[in-house]
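*Asks:* Chains as they are written, first to last, in this note's numbering: chain G, 50 to 604; chain F, 50 to 604.
Quick one: structure below, then a few questions.
There are 2 protein chains.
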Amino acid sequence: MTDLEIANKSKLQPIQQIAENLGLNVDDLEMYGKYKAKLPLDLIDEDKLKQSNLILVSAISPTPGGEGKTTMSIGLSEGLNQLGKKTTVVLREPSLGPVFGMKGGATGGGKSQVLPMEDINLHFTGDFSAIEKANNLLSAIIDNNLQSKTNSLGIDPRTIAWKRVMDLNDRALRNIVVGLGGTTNGIPRETGFDITAASEIMAILCLSSDLIDLKKRLGNIFVGYTFDKKPIYARDLKAEGAMTALLKDAIKPNLVQTIEGNPAIIHGGPFANIAQGTNTVIATKMGMSLSEYTVTEAGFGFDLGGEKFLDIKCQRANLKPKVVVLTATIRALKYHGGADLSALKEPNVAQLKNGFPNLEKHIENVQKFGITPIIAINKFNTDSDEEIEAVLEFARLKNIQAAATNVWGEGGKGALDLAQLVIDSVDAKLSDFKPLYDWNSPVLDKISKIAQEIYGATRVEYAAKAIADLKRIENLGLSNLPICMAKTEKSLSDNQKLLGRPKDFVITVREIEIAAGAGFIIPITGTIMRMPGLPAHPASEQIDVNEEGRITGLF
Amino acid sequence: MTDLEIANKSKLQPIQQIAENLGLNVDDLEMYGKYKAKLPLDLIDEDKLKQSNLILVSAISPTPGGEGKTTMSIGLSEGLNQLGKKTTVVLREPSLGPVFGMKGGATGGGKSQVLPMEDINLHFTGDFSAIEKANNLLSAIIDNNLQSKTNSLGIDPRTIAWKRVMDLNDRALRNIVVGLGGTTNGIPRETGFDITAASEIMAILCLSSDLIDLKKRLGNIFVGYTFDKKPIYARDLKAEGAMTALLKDAIKPNLVQTIEGNPAIIHGGPFANIAQGTNTVIATKMGMSLSEYTVTEAGFGFDLGGEKFLDIKCQRANLKPKVVVLTATIRALKYHGGADLSALKEPNVAQLKNGFPNLEKHIENVQKFGITPIIAINKFNTDSDEEIEAVLEFARLKNIQAAATNVWGEGGKGALDLAQLVIDSVDAKLSDFKPLYDWNSPVLDKISKIAQEIYGATRVEYAAKAIADLKRIENLGLSNLPICMAKTEKSLSDNQKLLGRPKDFVITVREIEIAAGAGFIIPITGTIMRMPGLPAHPASEQIDVNEEGRITGLF
């Protein structure tokens, strides 16, 4: 059975029931259909959330074999609930880019899914659309200001850093020229579209504490310079009020349910390779206000989503995770060990062991933050017992807890061992979170620290554009912002071909974008793009709606 | 008080209550918050809807003075309900372009509004976003096919007729070049964005009877030609299934309420100047299935929305409106009579009478369809009694029923006279709807008939591009489709400066777009643009969110 077929066979409870189980009043809900609801921000309780145990699910460097971090988060949450711990899983919203492209949906898999999966994977409650519209309203206002004779701020079109966004994989929009066609059709200039998840508005939504904080950050968005070199922010264009109005519902987190009828909160953006890639501060705090345990995820490998979660989000919101679960699969470890994609189903302990250094580096990285890592093997039925045992043996040698799980096939039941390890680790109070770097240290030091200590690079090189950008950041007084690296997710390095645990490599920073509103700066490394493309045969070709109005072919 | 302040002071009923008043089961509703709900399509009852009386609210040619067609539709609906006729008002969804640009929202005004006005004017239930995404998914698939080595259809990029859309006024996107930046970033080509309301997907949604009909129409979208001149449709790109999946909720009409607690259904697209500009067939049929009277509107003057409503929508869906209400204001008539915008508040019967020929032409146009027109004066407190009397006298001379209404100030109470005229006209069975032209007549004849009989033109001229387009339409076998003119709304002619009742003018068709999926062809006349621009000081500058999270400055 496909994930969609399993989802369709699951009996959903009315979302009011899920809310009641959380101790909520049904009047607090804003319904979106029968199985989705938005939660008001005043349910966040700063005292209660301090009692909750925050568990971060991360992973080794992703491979085409699949790791299943979302599936693991959901399965672990079901397992914790089965062991009597009131647990909410807090996830990120899927982007339509991968849904119609290659990666598929982001609602878990098998018996560890959040429901209703079609709705969550398509428009959900409209948050992405609202973010996209707020982003592109600012763009329209900028281009309108260039065109205006009576209201001009004198912006130099060549300096505009703000791009439009679209939540699709659409490579033809990466580099475009707008404003063609004569005097009535705008001022011609080069620009482009990023994918919506990479919008600074997404990051602002993810890091804001409330609507007024959101508005202030929107006003702080850096737009570009005037011809006489004065910086222009969104507030200079009087754009932040209307942008906030567009986001008034998007700021509220979304409540749905797991297959086993446990609560799931889904809110905020994916793509930890090109964005911050964690769910919203509001969603995490909401989960923690309502539950003993809150299981959350951060995108891609621990080097990307994990590092950003801890250095940007946890510092910003004063959160202290107690465990990091590192998801790994036998298949992915073999791929890191040099196995062909076509051979991942065949048992091969030697290649598996060749892949351990990738896992080892992520373990070391978690430990640099003072947090206990636990290895979770996401089992596939092609894995041999000998292979599983090899990973457990590796963990024992490293003195790390590890469990083999079957979350895809069994849901929470397949994650009971892992859930018990998590509870034991929390109870033993082993973790004492400390960030990797001080936000106030120099920009070059912060970038170097991530590149050298987390990625394992020997040093960082800066292209001419990046050096000019560094100067600009200093002049704008933004040097004290944290770092949100844009880097391929496929390697610990910035070269996607270097698998395992690469050594003796250099990280190249091509340019550095400014997210003055979100409050971070974005060094762009290697050849990473902030707008993906579709494959030759996009997943959209398989998606259909049958005679009964049911969606088919959505994975 | 502003419209928003009046709206905020209104006490809303839970939407379940509105649904119960319509005889619906609460389980039929898909809630979107507490005051909006989507209705399932199976509530449409072809037998019941034949018993319902369909009233179309249209208007004279719009002016900057404002006519208030939506306000009149809502007020009339309240008035009919006050007179004991179970009535639903069926409206179009607002576009964010005017909300952030110049025109403002589209939820009525004063005491004749639909609620919650902020939600309806912003994202509402996500229908526009879904349409935009489905449109742009097809664009991404087209550009991806150009780039593909293994899955190429051989599309000639110079022939692609399909544009992207965005629901904002953004003139810089009218003419763009995409695909720049080298081999990994697509194939460079000229293209552009229209506003989302002008998307063929919007028209398809408005004209479809159900999800399967929608999918078929989506597959029929004409994309362009291959290098060897073979036409390519969306179905050749296997795009229609995923596009349908994106629209599975957007196809369901939205139930809200009026200030007086009567039902309002809002669904489908505005912009009758550049699109078909009427709400969906599904929404109209839903209203008619649930009520004795259904009051609906069509965009801009009767020459645009009215003509399209009758020739495209009513023919397609076998609907027979019984009355057309022509909305007029004293201010607008004076403007048509030559008064300055700044002088519209000053009584001036001579200039008012100079403006009557515009009203007269719209009356004649309604009569060409065999339908009884009723004039509704939308009163402003600056109108003099003598001016009102002059319009009523004009109507008496023409043997047309007319009523002065105060829908802004009094809601339904201000429209009781009008409502009684409508009831009397329906009871007298005066109308016998017949369309203006036969769909099967030649394309040139159909265009001429609209231009000459409705607009009053002497003849139609075709630019070279339009002549080539006509040839293409013939070759594609699409000559039997109805006509959806794109023309300025400000004049009966295609020159926005010609007010009143222009004579001795020529309509110039610049080019003709094909909407093979929606099932019409679009002659583009004069200098009309399918993507508006923002004014020097956009309305967005006034929109804000206050400390309590309430939106302000939205009109």
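All C-beta atoms, glycine included, are put in the ideal place defined by N, C-alpha and C.
Starting from residue 215 of chain F, find everything on chain G with Cβ-Cβ shorter than 7 angstroms and list it in chain order.
*Replies:* Near residue 215 of chain F (Cβ distances below 7 angstroms), the residues of chain G are 185.
*Asks:* Step through the CB atoms of chain F and report whether any lies within less than 8 angstroms of the CB of residue 59 of chain G.
*Replies:* Residue 59 of chain G does not count as touching chain F.
*Asks:* According to a CB-to-CB cut-off of less than 9 angstroms, which residues of the segment 247–266 of chain G neighbour chain F?
*Replies:* The residues in question are 259, 260, 261, 263, 264.
*Asks:* Determine the chain G residues that contact residue 594 of chain F at a beta-carbon separation under 7 angstroms, and present them in chain order.
*Replies:* Result: 260, 264, 290, 293, 294, 297.
*Asks:* Distance cutoff 8 angstroms, beta carbons only. Does residue 362 of chain F sit that close to anything in chain G?
*Replies:* Judged by the 8 angstroms Cβ criterion, residue 362 of chain F is not in contact with chain G.
*Asks:* Any C-beta of chain F within less than 8 angstroms: which residues of the segment 66–80 of chain G qualify?
*Replies:* Within the segment 66–80 of chain G, the qualifying residues are 79, 80.
*Asks:* Let's see if you can read the secondary structure: which residues bound the alpha helix (DSSP H) around residue 75 of chain G?
*Replies:* From DSSP, residue 75 of chain G is part of no alpha helix (DSSP H); its letter is neither H nor E.
*Asks:* Three or more beta-carbon pairs under 8 angstroms between the segment 500–513 of chain G and the segment 553–573 of chain G, yes or no?
*Replies:* Yes: the two stretches touch, three or more of their Cβ pairs being nearer than 8 angstroms.
*Asks:* Applying the 10 Å Cβ sphere with the 16-neighbour rule, what's the burial state of residue 220 of chain F?
*Replies:* By the 10 Å Cβ count, residue 220 of chain F comes out buried.
*Asks:* If you drop the 5 nearest sequence neighbours on each side, which residues of the same chain put their C-beta closer than 8 angstroms to that of residue 144 of chain F?
*Replies:* Closer than 8 angstroms at Cβ, skipping near neighbours: 155, 177, 216, 244, 245, 246, 318, 319, 320.
*Asks:* Short of 8 angstroms Cβ to Cβ, which residues in the segment 105–124 of chain G face chain F?
*Replies:* Those would be none; no residue qualifies.
*Asks:* DSSP three-state call for residue 112 of chain G: helix, strand or coil?
*Replies:* Here residue 112 of chain G sits in coil by DSSP.
*Asks:* Using a Cβ cut-off of 7 angstroms, pull out every chain F residue sitting near residue 200 of chain G, in sequence order please.
*Replies:* Those within 7 angstroms of residue 200 of chain G in chain F are 585, 586.
*Asks:* Are residue 453 of chain G and residue 129 of chain G close, meaning C-beta to C-beta below 8 angstroms?
*Replies:* Their beta carbons are not under 8 angstroms apart, which means residue 453 of chain G does not touch residue 129 of chain G by this criterion.
*Asks:* Under 8 angstroms: do the segment 563–573 of chain G and the segment 116–123 of chain F share three or more Cβ pairs, one atom per stretch?
*Replies:* Touching, no, given that fewer than three Cβ pairs across the two stretches are closer than 8 angstroms.
*Asks:* Alpha carbon to alpha carbon, how far is residue 379 of chain G from residue 442 of chain G?
*Replies:* Taking the straight line joining both Cα atoms gives about 13 angstroms.
*Asks:* Kindly list, in the order they appear in chain G, the residues whose Cβ is closer than 8 angstroms to that of residue 196 of chain F.
*Replies:* Here the neighbours are 220, 221, 582.
*Asks:* For residue 218 of chain F, which of G:457, G:193, G:470, G:426 has the nearest alpha-carbon?
*Replies:* Residue 218 of chain F has its Cα closest to that of G:193, out of G:457, G:193, G:470, G:426.
*Asks:* Of the choices G:330, G:190, G:599, G:208, whose alpha-carbon is the least far from that of residue 517 of chain G?
*Replies:* Nearest option by C-alpha distance: G:208.
*Asks:* Would you mind listing the beta strand (DSSP E) stretches within the segment 105–183 of chain F that are 3+ residues and don't spill past its ends, in chain order?
*Replies:* Entirely contained in the segment 105–183 of chain F, the beta strand (DSSP E) runs reaching 3 residues are, in chain order, 136–140, 161–164.
*Asks:* Count the other CB atoms within 10 Å of the CB of residue 542 of chain F; is the residue buried (16 or more) or exposed (fewer)?
*Replies:* Burial call: buried.
*Asks:* Return yes when the C-beta of residue 218 of chain G is under 7 angstroms from any heavy atom of the ligand GTP, and no when it is not.
*Replies:* Of ligands this structure carries none, so the ligand GTP is not represented either.
*Asks:* In terms of alpha-carbon separation, which member of F:265, F:330, F:132 lies closest to residue 94 of chain F?
*Replies:* Here the closest residue by C-alpha is F:330.
*Asks:* Determine the direct distance from the alpha carbon of residue 417 of chain F to that of residue 249 of chain G, and round the result to whole angstroms.
*Replies:* C-alpha separation (whole angstroms): 55 angstroms.
*Asks:* Closer than 7 angstroms, Cβ to Cβ, to anything on chain F: give me those residues from the segment 522–551 of chain G, in chain order.
*Replies:* Per Cβ criterion, the list is empty.
*Asks:* So residue 213 of chain G is in the beta strand (DSSP E); what residue range does that whole segment cover?
*Replies:* Here the beta strand (DSSP E) through residue 213 of chain G covers 213–215.
*Asks:* Okay, do the segment 159–173 of chain F and the segment 364–373 of chain F touch, 3+ Cβ pairs below 8 angstroms being the bar?
*Replies:* With the cut-off at 8 angstroms, the segment 159–173 of chain F and the segment 364–373 of chain F do not touch.
*Asks:* Report the three-state DSSP secondary structure of residue 619 of chain F (helix, strand or coil).
*Replies:* This structure gives no information on residue 619 of chain F, because the portion of chain F shown stretches from 50 to 604.
*Asks:* What residue does the beta strand (DSSP E) around residue 273 of chain G start on, and which one ends it?
*Replies:* It spans 271–274 - the beta strand (DSSP E) in which residue 273 of chain G sits, taken as one unbroken run.
*Asks:* With distances taken between CB atoms, is the gap from residue 352 of chain G to residue 430 of chain G smaller than 8 angstroms?
*Replies:* No, the Cβ-Cβ distance between residue 352 of chain G and residue 430 of chain G is not below 8 angstroms.
*Asks:* Going by DSSP, what residue range makes up the alpha helix (DSSP H) through residue 442 of chain G?
*Replies:* Residues 434–447.
*Asks:* Any beta-carbon of chain F closer than 8 angstroms to the one on residue 600 of chain G?
*Replies:* It does: the Cβ of residue 600 of chain G has a partner Cβ on chain F nearer than 8 angstroms.
*Asks:* Give me the Cα-Cα distance between residue 343 of chain G and residue 123 of chain G, rounded to the nearest whole angstrom.
*Replies:* Rounded to the nearest angstrom, the two C-alpha atoms are 11 angstroms apart.
*Asks:* Considering residue 242 of chain G, what are the terminal residues of the beta strand (DSSP E) in which it resides?
*Replies:* Unbroken beta strand (DSSP E) run through residue 242 of chain G: 242–244.
*Asks:* Which stretch, first to last residue, makes up the alpha helix (DSSP H) that contains residue 427 of chain F?
*Replies:* Not the alpha helix (DSSP H): residue 427 of chain F falls in the beta strand (DSSP E), residues 421–427.
*Asks:* Does DSSP classify residue 593 of chain G as helix, strand or coil?
*Replies:* In this structure, residue 593 of chain G counts as strand in the three-state DSSP scheme.
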